[in-house]
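In this text, residue positions in the sequence shown follow the working numbering: the first is -2, and each later residue adds one. See below for the structure under consideration.
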Amino acid sequence: MIVEKAILAIITTKEEQVGGGAPIFICTSNEELQLFSTNLEAIMDGIAHRLSDEVYIIVKH
């Protein structure tokens, strides 16, 4: 099975702002948030999108 379009992960510093079926990574600082986003983007072969200062998503287009 090939996934063509999906949200692969959610990365946040504000756990109460997110939910859903994708894996959620909770970070303790903005530096950690950016590090996780960059690394997960490469690992998952997706693209990181910043939704706010506290929330990034990794998507597969």
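All residues carry an ideal CB built from backbone N, CA and C; glycine is no exception.
In the DSSP assignment, the beta strand (DSSP E) including A19 goes from what residue to what residue?
In the sequence shown, the residue the question calls residue 19 occupies position 22. Here A19 belongs to no beta strand (DSSP E), and DSSP marks it neither H nor E.
Who are the near neighbours of M41 in its chain, counting only those whose CB is closer than 8 Å to its CB and skipping five residues on each side?
Position 44 of the sequence shown, counted from the start, is the residue given in the question as residue 41. Excluding sequence neighbours, M41 sits near L5, A6, I55 and K57.
By how many angstroms is the C-alpha of K2 removed from the C-alpha of L30?
Along the sequence shown, read from residue 1 onward, the residue named residue 30 stands at position 33. Along the sequence shown, read from residue 1 onward, the residue named residue 2 stands at position 5. Looking at the two C-alpha atoms, the distance is approximately 23 Å.
For T35, does the count of other Cβ atoms within 10 angstroms reach 16, so buried, or fall short, so exposed?
Residue numbering aside, residue 35 sits at position 38 when the sequence shown is read from its first letter. In this structure T35 is exposed. Its beta-carbon is surrounded by fewer than 16 other beta-carbon atoms within 10 angstroms.
Which first and last residues belong to the alpha helix (DSSP H) in which I55 is found?
Here the question's residue 55 lines up with position 58 in the sequence shown. Careful: I55 lies outside any alpha helix (DSSP H), inside the beta strand (DSSP E) at V52 to K57.
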